[in-house]
Each structure stands twice: as C-alpha cells, then as structure tokens.
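Taking our numbering, the leading residue of the first sequence gets 1, the next gets one more, and so forth.
Positions of the beta carbon are idealized from the N, C-alpha and C atoms, including for glycine.
Computed from a predicted model, the values in this text were never measured in an experiment.
The block underneath contains the structure these notes are about, expressed in structure tokens.
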Amino acid sequence: MTKKEIYRNKIKNTSDLTKFQKKVLLAVLGIPRGEVRSYSWVAGKAGSPGASRAVGQVLKINPYAPQVPCHRVISSDGSIGGYSGGLTRKRRLLKKEELK
DNA sequence: ATCATGACTAATG
DNA sequence: CCATTAGCCATGA
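Below, the structure is given as structure tokens:
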C-alpha cells in the first residue's frame, strides 16, 4: 500500500476535510450535468482564486471519487486535465453527459 | 517554520 | 504541438 492510499483512507471522514477541501467539493458538486468548469473556476468558488493546483490535490485524493462530478473539472485551456480513475473513464463520462 | 508534491496556468522557444 | 520556466496554492511530513 502506497502512502497516498494511506492518506486517502485516512480522510474518508468529512471531519478530516479542511475548509478548502469542503468548498472545493461543494463547488464541484454544484456543477450541473453536461457542464464543465476549469480548476481556476473551482478555486475561485472555493474562496482561493489561483489555487488551481491545490484544487487538483483535493480532487486527486477526494474520497468521493465518482460521487462528486470531478470529471467535470478540466483545464482552463479546454484540455481533459487529469483523473485519478484514469483519463479513459473521464473522457467516457464527459462524452456521455457533456456531449450528449 | 520549511520542504516537496502536483488532476494548474500562462508565457516562451 | 511539445518542452521548459516560473508563479501559484493547499496539504502532509
């Protein structure tokens, strides 16, 4: 088991989530189906404009993987960005709901 | 407090 | 289009 996995396992309780993390998750949850937002957008919504990288960190370790529509968060330049579950899955999800 | 890390972004070559 | 550089920020050790 890698460190990262241990960390993830450690934060599976909302109590362990920082304010920033909660805000980020809420912001992402607020993204309507078929819509996509940039990491910057989420950062601003979370109250820390410019913290796009930090947003990435949150989504990366977020224990609510498929629950939260983290696949609707892409790079500001329109690129797919990343996805802890594999870009393939992310692309598929986007193609299903965004493209529609 | 300090350091390393990364699903970022913009600029440059 | 790809690689590099530099700025940016939250998090964990």
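Ranked by Cα distance from S52, the options G34, Y64 and A27 are led by A27. The beta-carbon distance between G81 and V68, rounded to whole angstroms, is 15 Å. This is too long to meet the 8 Å contact definition.
Residue environment analysis places R33 among the exposed positions, since fewer than 16 neighbouring C-beta atoms fall within 10 angstroms of its C-beta.
Beyond the five residues adjoining it in sequence on each side, F20 comes within less than 8 Å, by CB distance, of A46, G47, S48, A51, A54 and V58 in the same chain, given in chain order. The Cβ atoms of A65 and S38 do not sit closer than 8 Å to each other. Take G86, set aside five residues on each side of it, and no residue of its chain has a beta-carbon closer than 7 Å to its own. According to the DSSP secondary-structure assignment, I74 is paired through a beta bridge with S38. Nearest to I31 by C-alpha distance, out of K95, H71 and L17, is H71.
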